[in-house]
Amino acid sequence: MRSLNKEEQQFCNRLLQGNGNNNYIGNIIDDKLDNVRIVMNRQNSSVQIRVTISSQNPTDEDFSYVKKRNTEVCELILEVVN
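Numbering (my numbering), first residue to last: 7 to 88.
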């Protein structure tokens, strides 16, 4: 067995402080979702992670940022679920 890291401890504390009806993953990781929206479509069972950038003409740097944020959010979701 291993000890929880600091971030995992924070997630657990949020779960314990919630009232049960509001313990959705999105609410638990909300403070880490700067420039990110998670959109779920129940009709076709799809989920999208949308990263906001300020440019109308994205650069390679913008695309790198989007990929990085997408990976971070996926890792956060997996960490909370585990």
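Even for Gly, the Cβ is constructed at its ideal location relative to N, Cα and C. For clarity, every value in this text was computed on a predicted model and none was experimentally measured.
Distance check for residue j and residue i, CA to CA, integer angstroms please.
| i | j | result |
| --- | --- | --- |
| I83 | I35 | 8 Å |
| S52 | E78 | 19 Å |
| K73 | G32 | 19 Å |
| T65 | S9 | 41 Å |
| Q63 | F69 | Looking at the sequence itself, residue 63 is Asn, so the reference to Gln does not match. Whole-angstrom Cα-Cα distance: 11 Å. |
| R48 | R56 | 17 Å |
| D37 | T58 | 16 Å |
| N19 | Y71 | 29 Å |
| D40 | S60 | 13 Å |
| E67 | Q54 | 21 Å |
| F17 | N50 | 29 Å |
Within the 7 Å Cβ cut-off, does residue i reach chain C?
| i | result |
| --- | --- |
| R20 | In the displayed structure, chain C is absent; only one protein chain is listed. |
Which residues in the same chain as residue i place their Cβ atom closer than 8 Å to its Cβ, once the five residues preceding and following it in sequence are excluded?
| i | result |
| --- | --- |
| V87 | I31 |
May I ask which residues mark the beginning and end of the alpha helix (DSSP H) holding residue i?
| i | result |
| --- | --- |
| I34 | I31 to I34 |
| N19 | K12 to Q23 |
| N76 | D66 to V87 |
Would you please state the rounded distance, in angstroms, between the beta carbons of residue i and residue j? I believe it to be under 8 Å.
| i | j | result |
| --- | --- | --- |
| V42 | R75 | 6 Å |
| E14 | E85 | 7 Å |
Could you give the residue range of the beta strand (DSSP E) that holds residue i?
| i | result |
| --- | --- |
| I55 | S52 to V57 |
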